[in-house]
Ligand SMILES: [Zn+2]
Ligand SMILES: [Zn+2]
């Protein structure tokens, strides 16, 4: 299941592109902008797997629609401010969304916590 991509491995598809900076990929992902292929083939990558890290942060794999290369991205756990925003929305009966995305991404209940289906970060106690 875990497709490991060795760091520094060549794309093997003759692509002349450059690897996207992970921080830039994550920024684009949260902004809802297209994320370029992780090995720079010119294609666009989409999320294929989202999970939560033991610390409560998120982990997602983006796979290029053109060359099928995958890259794993990890994002930190929710900050106190983010948790408060989620708790406040809950308390006010508003839609509970992941505060990190530009788009509206509703959180899903997971036990006593709320998890983001798009980035895997959990909120709440
Ligand atoms: Zn690609
Ligand atoms: Zn999220």
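Residue numbers (the numbering used here): 667 to 791.
A virtual CB, placed ideally from N, CA and C, is assigned to each residue, including glycine.
Per the DSSP calculation, residue i is bridged to which residue(s)?
i: residue 785; result: Answer is none; residue 785 lacks a bridge partner.
Can you give me the C-alpha to C-alpha distance between residue i and residue j, rounded to a whole angstrom?
i: residue 675; j: residue 726; result: Confidence in residue 675 is poor, its pLDDT being 46 and thus under 50, which makes the residue's placement unreliable; the coordinate value appears in the next sentence. Spanning the two alpha carbons is a distance of roughly 20 angstroms.
i: residue 747; j: residue 707; result: 38 angstroms
i: residue 751; j: residue 765; result: 8 angstroms
i: residue 749; j: residue 699; result: 25 angstroms
i: residue 755; j: residue 683; result: 42 angstroms
i: residue 694; j: residue 777; result: 30 angstroms
i: residue 733; j: residue 762; result: 35 angstroms
Classify residue i as helix, strand or coil using the three-state DSSP reduction.
i: residue 713; result: strand
i: residue 693; result: helix
i: residue 720; result: coil
i: residue 702; result: strand
Using 8 angstroms for Cβ pairs, my map puts residue i next to residue j. What's the rounded Cβ distance?
i: residue 710; j: residue 702; result: 7 angstroms
i: residue 705; j: residue 741; result: Going by Cβ atoms, the distance from residue 705 to residue 741 rounds to 21 angstroms, so no, they are not a contact pair.
Every unbroken alpha helix (DSSP H) inside the segment 734 to 761 [4 residues or more]: 746 to 757
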